[in-house]
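**Student:**
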Amino acid sequence: MQQQKQQQLQQQMEQQQQKQQQVKQQQVLQQQMEQQPQQQLQQQPQQPQQQQQAAAAAAAAAAAAEAAAAASATEAAAAAAANATEATTANAAADKAAAAAAAAAADKAANTAAATAAATAASTAAAAAANAAAAAAKTAAEAAASTAADAAAATAADGAAATAAANTSAASAATAATAAAAAAAAANATKI
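For what it's worth, UniProt numbering labels the leading residue of the sequence shown as 1, then goes sequentially.
(1) Within 8 angstroms, do at least three Cβ pairs link the region 21-28 to the region 56-73?
(2) Rounded to a whole number of angstroms, what is the C-alpha to C-alpha distance between Q46 and A62?
(3) Is A99 near Q16, with beta carbons less than 7 angstroms apart?
(4) Alpha carbon to alpha carbon, how far is Q53 from A79?
(5) Going by C-alpha distance, which of A60, N188, A84 and A97 is nearest Q10?
(6) Count the other C-beta atoms from every protein chain shown that fall within 10 angstroms of the C-beta of K19, then say buried if there are 16 or more, exposed otherwise.
(7) Would you mind working out which of A117, A187, A55 and A87 sits nearest Q4, comparing C-alpha positions?
(8) If we cut at 7 angstroms on Cβ distances, does A144 have a partner in chain B?
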């Protein structure tokens, strides 16, 4: 779009230059026509009225062409200024759109970074919680196993004590029986 406007502006400038060249050519022609009657006047004391009218008509045509060229140049300059203003406006709009796109991209990047940081923090917290739960479960299992072992040891000790007491009672009973038998034997011996 901007290149087309620049090409149009360049074409208008070229047309303006061509019109200026035409005006210069007409001015040169007018000067030549003005010089010719003077030369003829020097050579001929009297000049026909038709030549004077032709020179005046040529001068008027040259003046009209110069005025038209000036108007065309003014119009071309106004068009160039309008195109330049429009191009400046388009560039400003493009810059504004680019700035908005950059801001949106930066905002998106910031949101992505925040989401990534939050996900990382959540993952770290979950891992820490899992490790803590595993450690607590291990500690509880070890404590339960130790308690069970202590209880089994205590039960075994109680069984051993009961067995020892039973053995002691049996020995005492055997000793008493032996003593009774000895007493009976002594009694029998006395009777004889």
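Think of the CB as a built atom: it goes at the ideal place given N, C-alpha and C, for glycine as much as any other residue. Bear in mind that the values here come from a model prediction, so they are computed numbers and not experimental data.
**Tutor:** Based on what the coordinates show:
(1) With the cut-off at 8 angstroms, the region 56-73 and the region 21-28 touch.
(2) Within the sequence shown, residue 46 is the residue found at index 46, counting from 1. Within the sequence shown, residue 62 is the residue found at index 62, counting from 1. Note that Q46 has pLDDT 48, beneath the 50 cutoff, so the model's placement of it is unreliable and no number is given.
(3) Along the sequence shown, one-based indexing puts residue 99 at 99. Along the sequence shown, one-based indexing puts residue 16 at 16. Result no, Cβ atoms of A99 and Q16 do not sit closer than 7 angstroms.
(4) Walking along the sequence shown from the start, residue 53 turns up at place 53. Walking along the sequence shown from the start, residue 79 turns up at place 79. Near 39 angstroms, if we compare the C-alpha coordinates of A79 and Q53.
(5) Your numbering for residue 10 matches position 10 in the sequence shown. Distances from the CA of Q10 to each of A60, N188, A84 and A97 were compared; the closest alpha carbon is that of A84.
(6) On the sequence shown, position 19 is the one that residue 19 refers to. Burial call: buried.
(7) For the purposes of this step, residue 4 is taken as residue 4 along the sequence shown, with counting starting at 1. Q4 has its Cα closest to that of A87, out of A117, A187, A55 and A87.
(8) Here chain B cannot be found, since the structure has a single protein chain.
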